[in-house]
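Residue numbers (this note's numbering), protein chains in the order written: chain A, 137 to 247; chain B, 799 to 914.
Just so you know, even glycine gets a beta-carbon here, dropped at the ideal spot from N, CA and C.
None of these values were measured; they are calculated from a predicted model.
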Amino acid sequence: GNSVTQMEGPVTLSEEAFLTINCTYTATGYPSLFWYVQYPGEGLQLLLKATKADDKGSNKGFEATYRKETTSFHLEKGSVQVSDSAVYFCALSATGYALNFGKGTSLLVTP
Amino acid sequence: GAVVSQHPSWVICKSGTSVKIECRSLDFQATTMFWYRQFPKQSLMLMATSNEGSKATYEQGVEKDKFLINHASLTLSTLTVTSAHPEDSSFYICSARYAGGEETQYFGPGTRLLVL
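Structure follows, in structure tokens:
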């Protein structure tokens, strides 16, 4: 079946550090891939997405590239800020619009 | 952007009682809403897909008679946990998709249920 595996947290970084959160997936067909972010006390928000191989999704300085050969969609940001502290979820959509989520990775950025 | 609300944000109830959770799309029409359940440190697990005006589609292993879903309008879906038991305690999250067919789902803030 379809599944998403992402690195476990929590991840703690200093402000302006480089961020990578790994995400790999298993799916039949050609899924769309997403990163969602959940700030404290809020609902999940779409951060970025990619719908086909080699597409790069980007938003707010975050990027992720759909790599079919490695079945990966790693999230990166060159310089994190304290305001980026949140839980990040990798997800895929392979059948209709239902989403399969990873377990989430908590990120804490310290000043 | 699109806003989805849930009510209540948290609820405590006695075992055997029923609890209703509302999910509303505030500034858009949603033909499809999804209900997820999240356990601590776990993924969001899809429970059911709710289409306006028709019966919900439940995922394997989810009891349709226990988790009643009603999607009576393009802006409201409700999840009723009937005869709740302590094992039903969890974080329930809904999402909604635009009526226009866009793939993106917009999520509510979640409802935390504690059954004593």
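Do you know how far the Cα of residue j is from the Cα of residue i?
i       : j       : result
I819(B) : R910(B) : 10 Å
P806(B) : E205(A) : 44 Å
G214(A) : R822(B) : 36 Å
Q217(A) : F865(B) : 41 Å
M843(B) : Q903(B) : 15 Å
S888(B) : G814(B) : 16 Å
W171(A) : Y161(A) : 13 Å
E199(A) : G193(A) : 6 Å
C892(B) : N868(B) : 13 Å
L183(A) : N195(A) : 6 Å
K853(B) : V245(A) : 44 Å
F837(B) : G145(A) : 16 Å
Y202(A) : D190(A) : 5 Å
Beta-carbon within less than 7 Å of residue i's beta-carbon, same chain only, minus the 5 sequence neighbours each way: which residues are those?
i       : result
P907(B) : Q804 and S807
M143(A) : I157, N158 and T241
F826(B) : A800 and Y896
T855(B) : A846 and T847
G165(A) : A230
V140(A) : C159, Y161, C226, A227, L228, N236, F237 and G238
Leaving out the 5 sequence neighbours to the left and right, which residues in its chain are closer than 8 Å to residue i when beta-carbon positions are compared?
i       : result
C811(B) : V817, A882, L911, L912, V913 and L914
For residue i, I'd like the list of residues in its chain whose CB is within less than 6 Å of its CB, leaving aside the five on either flank, ordered along the chain.
i       : result
S168(A) : T187 and S229
E212(A) : T156 and E199
L874(B) : R822
A870(B) : none
L876(B) : The sequence given here has Thr at residue 876(B), not Leu. Around T876(B): K818, E820 and N868.
Just checking my contact of residue i with residue j at CB under 8 Å: how many whole Å lie between their CB atoms?
i       : j       : result
L872(B) : A828(B) : 6 Å
L243(A) : S221(A) : 6 Å
Would the region 865-880 of chain B count as touching the region 223-230 of chain A if we require 3 or more Cβ pairs under 8 Å? When C-beta atoms of the region 865-880 of chain B are compared with those of the region 223-230 of chain A, fewer than three pairs fall below 8 Å, so the two segments do not count as touching.
Runs of beta strand (DSSP E) lying entirely within the region 805-845 of chain B, each at least 3 residues, in chain order: 808-811, 817-823 and 828-836
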